[in-house]
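Novice: Supplied in structure tokens, the structure appears directly below.
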Amino acid sequence: MDPDETARVDDGDDTAWFDDLFAAHAGAVHRYLVRRLPAGGTDAEDLAADVLATAWRRRADVPRGAELPWLYRTAGFVLANHRRKARPTPVAVVPEVPDDVDPAALAVDDARVRAVLARLSPRDRQVLLLVAWDGAGGDELAQVLGVSRGGADAALSRARARLRVAWDAETDVGTVAGDGGGAGEDGAAAQAGAR
Amino acid sequence: MSGDEGRDEGQDEVRGDAPEGTSATPDVPRDDRDDRDDAAFARLRAADPAVGVEADAAGLRAKVDARLAEDDGAAVIRPAAGTSALEGRDEVAARRRRRTPWLAAAGVAALAAVGVGGYALGGAAAPSAGEAAGTADAPIVLNGGGRAGASGDEAAAGSAAMGAAEDSAAGGDAASSTAAGDATLPSWYSSGRALFHAEGLSGEGGTASAYAFDATDAATREGALRLAKAVGVEGEPRWEYGWSVGPQDGSGPHVWLSADGSATFSFSDPNHDPWRCTDAEGRVVQEGSGDDVDCEEPGTSTVGDREARRMLADAMRSLGVDPDAFEFEVGEKTDGDPSRWVTAYQVVDGSRTGAQWSATVDEEGIAWLDGFLATTVELGDYPVISPAAAVERLGDPRFSGSAWPVVYADEERLWAETEGELDEPTAAPAPPAAGDPVDWPVSDVEITDARLGLAQQTQDDGSVVLVPAYELSDADGNAWSVVAVADDAMDFSGPR
Numbered sequence: 127m128d129p130d131e132t133a134r135v136d137d138g139d140d141t142a143w144f145d146d147l148f149a150a151h152a153g154a155v156h157r158y159l160v161r162r163l164p165a166g167g168t169d170a171e172d173l174a175a176d177v178l179a180t181a182w183r184r185r186a187d188v189p190r191g192a193e194l195p196w197l198y199r200t201a202g203f204v205l206a207n208h209r210r211k212a213r214p215t216p217v218a219v220v221p222e223v224p225d226d227v228d229p230a231a232l233a234v235d236d237a238r239v240r241a242v243l244a245r246l247s248p249r250d251r252q253v254l255l256l257v258a259w260d261g262a263g264g265d266e267l268a269q270v271l272g273v274s275r276g277g278a279d280a281a282l283s284r285a286r287a288r289l290r291v292a293w294d295a296e297t298d299v300g301t302v303a304g305d306g307g308g309a310g311e312d313g314a315a316a317q318a319g320a321r
Numbered sequence: 009m010s011g012d013e014g015r016d017e018g019q020d021e022v023r024g025d026a027p028e029g030t031s032a033t034p035d036v037p038r039d040d041r042d043d044r045d046d047a048a049f050a051r052l053r054a055a056d057p058a059v060g061v062e063a064d065a066a067g068l069r070a071k072v073d074a075r076l077a078e079d080d081g082a083a084v085i086r087p088a089a090g091t092s093a094l095e096g097r098d099e100v101a102a103r104r105r106r107r108t109p110w111l112a113a114a115g116v117a118a119l120a121a122v123g124v125g126g127y128a129l130g131g132a133a134a135p136s137a138g139e140a141a142g143t144a145d146a147p148i149v150l151n152g153g154g155r156a157g158a159s160g161d162e163a164a165a166g167s168a169a170m171g172a173a174e175d176s177a178a179g180g181d182a183a184s185s186t187a188a189g190d191a192t193l194p195s196w197y198s199s200g201r202a203l204f205h206a207e208g209l210s211g212e213g214g215t216a217s218a219y220a221f222d223a224t225d226a227a228t229r230e231g232a233l234r235l236a237k238a239v240g241v242e243g244e245p246r247w248e249y250g251w252s253v254g255p256q257d258g259s260g261p262h263v264w265l266s267a268d269g270s271a272t273f274s275f276s277d278p279n280h281d282p283w284r285c286t287d288a289e290g291r292v293v294q295e296g297s298g299d300d301v302d303c304e305e306p307g308t309s310t311v312g313d314r315e316a317r318r319m320l321a322d323a324m325r326s327l328g329v330d331p332d333a334f335e336f337e338v339g340e341k342t343d344g345d346p347s348r349w350v351t352a353y354q355v356v357d358g359s360r361t362g363a364q365w366s367a368t369v370d371e372e373g374i375a376w377l378d379g380f381l382a383t384t385v386e387l388g389d390y391p392v393i394s395p396a397a398a399v400e401r402l403g404d405p406r407f408s409g410s411a412w413p414v415v416y417a418d419e420e421r422l423w424a425e426t427e428g429e430l431d432e433p434t435a436a437p438a439p440p441a442a443g444d445p446v447d448w449p450v451s452d453v454e455i456t457d458a459r460l461g462l463a464q465q466t467q468d469d470g471s472v473v474l475v476p477a478y479e480l481s482d483a484d485g486n487a488w489s490v491v492a493v494a495d496d497a498m499d500f501s502g503p504r
């Protein structure tokens with residue numbers, strides 16, 4: 127049996143759906159991963175391919191019309207898996223919703239932003255970055271988080287309140303940089319490396 | 009978890025610290041009113057590491073295809089209808105990787121359950137898969153009218169519009185070209201611009217009831233104590249951006265009560281978390297063995313739909329809330345999911361308000377509970393404009409958020425219509441001739457149906473009102489929304 131030919135005959139709708147999904151969302155999935163991986167790595171494309179391949183394999187489970195939240199959520203799990211393989215993590219602290227952001231490794235060249243993110247809980251970071259960077263909101267945010275709309279709204283409200291408090295607490299950027307482990311790689315170079 | 013832990017965790021990582029002075033200028037997005045009073049959020053947004061990042065679409069697609077080629081060929085090409093081959097492989101993967109697939113499966117299940125609650129792109133009024141499919145009308149979400157504030161209402165600005173913005177902002181993304189290149193799509197799909205006109209709608213206004221949430225009694229220290237007692241959380245309330253009772257480190261049940269206009273709260277009981285791996289508590293896994301911790305995989309929940317509804321209704325009653333004022337929906341039972349998801353939608357005057365309770369339950373009780381404790385008070389009758397006048401409001405920038413609908417007719421049809429070859433050689437566009445008019449496509453939308461309902465609106469001071477609002481639909485079933493209260497009953501003074 128020629129797989130390609132069978133795919134065209136039996137699977138035409140699914141193939142077209144997946145082609146559309148890829149065209150519409152592959153870039154967003156890739157950026158989602160770029161945002162959450164250390165700068166300069168080449169993992170983002172590989173992990174994006176994992177996420178998109180998963181979307182095909184589990185296409186029966188992907189809600190039509192709500193593909194992007196599903197992809198973001200899956201990317202969060204793929205990323206968490208990737209991290210667990212990369213370094214030892216106590217399984218006991220693996221939350222039901224994976225912490226898909228490691229503030230210390232973020233390719234953010236704004237020292238204060240990174241320091242403030244490090245002050246926040248994983249959940250708050252996750253919620254804030256989904257909204258601020260990935261453009262998720264409302265029901266989309268709820269679907270990525272796997273909670274109710276009300277729960278997502280409350281989580282975002284809480285996260286924003288804590289962000290403001292943490293922001294005010296990190297007034298002295300110089301002090302924060304020293305506190306966080308000394309001068310590292312130049313931030314601008316780190317960001318350039320992500321491109 | 010405290011921020012300090014987060015930082016300790018990452019100390020072995022390279023930290024890129026920008027030179028002082030180079031990053032101190034906040035880049036406030038000019039199109040986001042809310043960011044102006046939230047410098048921290050604006051700075052966060054401006055720090056997006058993926059700005060300017062473009063995926064190599066062809067390379068990425070090649071990697072996806074390579075992964076799929078490694079799969080068992082029969083499974084890959086089998087139509088989705090017969091998923092047994094896929095399931096078989098998933099089971100193998102589950103055994104191999106132990107816990108992670110269960111996390112993933114839980115995510116999928118939760119997604120499916122939330123989906124019936126009304127994701128805009130999927131059709132907000134889609135009936136539930138649960139037994140208790142509601143009869144009330146869907147809540148009306150005001151597009152762009154919400155002021156982002158204490159209750160996180162920026163979400164009300166429309167996730168669909170946000171997604172559209174992201175797609176179009178992404179320039180090289182195929183999404184925009186896919187949509188723009190197909191003349192069979194509604195033009196708001198690509199241009200985001202539309203003019204609306206009414207067809208056969210009444211020009212008569214009237215009155216309608218408005219309501220407000222009163223959280224002043226519930227969102228207090230005493231209210232937090234009552235709440236904690238009712239859900240079985242021990243301890244004194246402490247102020248943590250709201251009233252917080254119980255340990256926050258996951259060692260026991262915790263409840264958090266927001267001092268917002270709805271008195272929203274969230275409760276979690278880690279002892280009931282069906283995915284919790286108690287054997288692994290406190291153990292640090294050695295490098296390379298992260299997948300090998302022996303945790304029992306939870307079995308499929310035996311809680312029935314009725315039982316799930318009863319658990320949530322009992323919790324509501326114990327908090328002085330009448331479940332009869334709500335419509336219940338239970339998420340579809342999923343094989344392998346150890347818990348059930350149940351949501352109660354508030355209904356006022358036959359229309360859902362958008363306020364809701366939800367719970368994740370298992371055999372032992374409630375693991376997570378989200379809800380709101382504010383009482384609903386009547387504000388009396390307000391003058392409302394006619395359906396025809398409401399359509400005119402869609403063209404008034406004071407009321408209209410964007411040309412994107414709040415409810416989509418048939419997203420699957422849109423997908424079908426965007427079918428086509430993905431990557432064929434194309435010619436570059438020719439420049440226009442001298443003197444040619446400038447292209448500025450504007451969609452003409454005919455509104456044929458109007459429904460008067462209620463929309464939840466967070467006011468400038470954070471109080472929440474349920475205001476009369478119209479949902480205005482075209483013949484295809486796409487819908488736009490606009491507040492229905494007449495001008496003379498509105499306060500248009502600038503933000504305070």
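Residue numbers (the numbering used here), protein chains in the order written: chain A, 127 to 321; chain B, 9 to 504. Even glycine gets a Cβ: it sits at the ideal position worked out from N, Cα and C.
#1: Chain A partners of B/T351, CB-CB under 7 Å?
#2: Go ahead and label B/V239 buried or exposed: buried means 16 or more other beta carbons lie within 10 angstroms of its beta carbon, across all protein chains shown.
#3: Given a cut-off of 7 Å, decide if B/D482 and B/V446 are closer than it, judged by their beta-carbon atoms.
#4: Leaving out the 5 sequence neighbours to the left and right, which residues in its chain are closer than 6 Å to B/A70 when beta-carbon positions are compared?
#5: Starting from the Cα of B/S394, find the closest Cα among B/V493, B/V369, B/A220, B/K237 and give me that residue.
#6: Using 8 Å as the Cβ pair cut-off and three pairs as the minimum, do the stretch 484-499 of chain B and the stretch 372-387 of chain B touch?
#7: Quick one: any contact between the stretch 434-451 of chain B and the stretch 363-381 of chain B, if contact means 3 or more CB pairs under 8 Å?
#8: Closer than 8 Å by C-beta to B/S310: which residues in its own chain qualify, once you throw out the five before and the five after it? Chain order, please.
#9: Taking only beta carbons into account, state which residues of the stretch 224-240 of chain B come closer than 7 Å to chain A, listed in chain order.
#10: For A/R284, which option in A/Q252, A/H156, A/Q269 has the closest C-alpha, if you only look at C-alpha atoms?
#11: Between which two residues does the alpha helix (DSSP H) harbouring A/S283 extend?
#12: Give me the Cα-Cα distance between B/R201 and B/P449, rounded to the nearest whole angstrom.
#13: So the candidates are B/R406, B/F49, B/F380, B/T224; which of them puts its Cα closest to the Cα of B/G502?
#14: Between which two residues does the beta strand (DSSP E) harbouring B/W376 extend?
#15: Quick check on B/E78: does DSSP put it in helix, strand or coil?
#16: With B/G214 and B/A396 assumed to form a contact (beta carbons below 8 Å), what rounded beta-carbon distance in angstroms separates them?
#17: Of the residues B/P391, B/D225, B/A458, which one's Cα is nearest the Cα of B/A495?
#18: My output table needs one value for B/A267: the three-state DSSP class, helix, strand or coil.
#19: Considering only residues of the same chain and omitting the five flanking positions on each side of A/L324, which have a CB-CB separation below 6 Å?
#20: Does any residue of chain A bring its CB to less than 7 Å from the CB of B/P57?
#21: Tell me whether B/A382 is buried or exposed, calling it buried when 16 or more other Cβ atoms sit within 10 Å of its Cβ.
#22: Would you list the residues sitting across from B/S359 in a DSSP beta bridge?
#23: So which residues on chain C does A/A179 lean against when the C-beta distance must stay under 7 Å?
#24: Return helix, strand or coil for B/A458, following the three-state DSSP convention.
#25: Quickly, what does DSSP pair B/R246 with across the bridge? List them, please.
#26: Tell me whether the stretch 142-151 of chain A and the stretch 244-258 of chain A touch, counting them as touching only if at least three CB pairs, one residue from each stretch, are closer than 8 Å.
#27: Within a Cβ cutoff of 7 Å, which residues of the same chain sit near B/G250, ignoring the five residues on either side of it in sequence?
#28: Name the chain A residues that come within less than 8 Å of B/G67, Cβ to Cβ?
#29: Identify whether A/P214 lies in helix, strand or coil by the three-state DSSP scheme.
#30: Who pairs with B/V385 in a beta bridge, going by DSSP?
#31: For A/R288 and B/E337, what's the separation of their Cα atoms in angstroms?
#32: State the DSSP-derived secondary structure class of B/W448, mapped to helix, strand or coil.
#33: Hey, out of B/D322, B/A316, B/S359, whose CA is closest to B/S217's CA?
#34: Which one of A/T180, A/L246, A/D145 has the shortest CA to CA distance from A/V291?
#35: Taking DSSP as the reference, what is the three-state secondary structure of B/D370?
#36: Thinking C-beta only, is B/V475 closer than 7 Å to B/T466?
Specialist: On the basis of the supplied data:
#1: S274
#2: Around the beta carbon of B/V239, 16 or more other beta carbons lie within 10 angstroms, which makes this residue buried.
#3: no
#4: Once the five neighbours on either side are set aside, B/A70 has no close Cβ partner at all.
#5: Out of B/V493, B/V369, B/A220, B/K237, B/V493 has the C-alpha closest to the C-alpha of B/S394.
#6: no
#7: With the cut-off at 8 Å, the stretch 434-451 of chain B and the stretch 363-381 of chain B do not touch.
#8: Sequence inspection shows Thr at residue 310 of chain B; the Ser mentioned does not correspond to that position. By the criterion of a C-beta distance shorter than 8 Å, B/T310 is surrounded in its chain by E371, once the five residues flanking it on both sides are discounted.
#9: none
#10: Checking every option, the nearest Cα to that of A/R284 belongs to A/Q252.
#11: 275-295
#12: The straight-line gap from Cα to Cα measures roughly 7 Å.
#13: B/R406
#14: Where B/W376 is concerned, the enclosing beta strand (DSSP E) starts and stops at 373-380.
#15: helix
#16: Not really, about 13 Å apart at Cβ, beyond 8 Å.
#17: Note that residue 495 of chain B is Asp in the sequence shown here, rather than Ala. Ranking the options by Cα distance to B/D495, first place goes to B/P391.
#18: coil
#19: Residue 324 of chain A is absent from the model: chain A starts at 127 and stops at 321.
#20: yes
#21: buried
#22: B/D145, B/V356
#23: No chain C is part of this structure, whose protein chains are labelled A and B.
#24: Collapsing the DSSP output to three states places B/A458 in a strand.
#25: Paired residues: B/S252.
#26: no
#27: W264, L265, S266, A267
#28: E171
#29: For A/P214, the predicted model reports a pLDDT of 40, less than 50, meaning its position is unreliable and no value from the coordinates is stated.
#30: B/A220
#31: 32 Å
#32: coil
#33: B/S359
#34: A/L246
#35: DSSP places B/D370 in strand when its eight states are reduced to three.
#36: no
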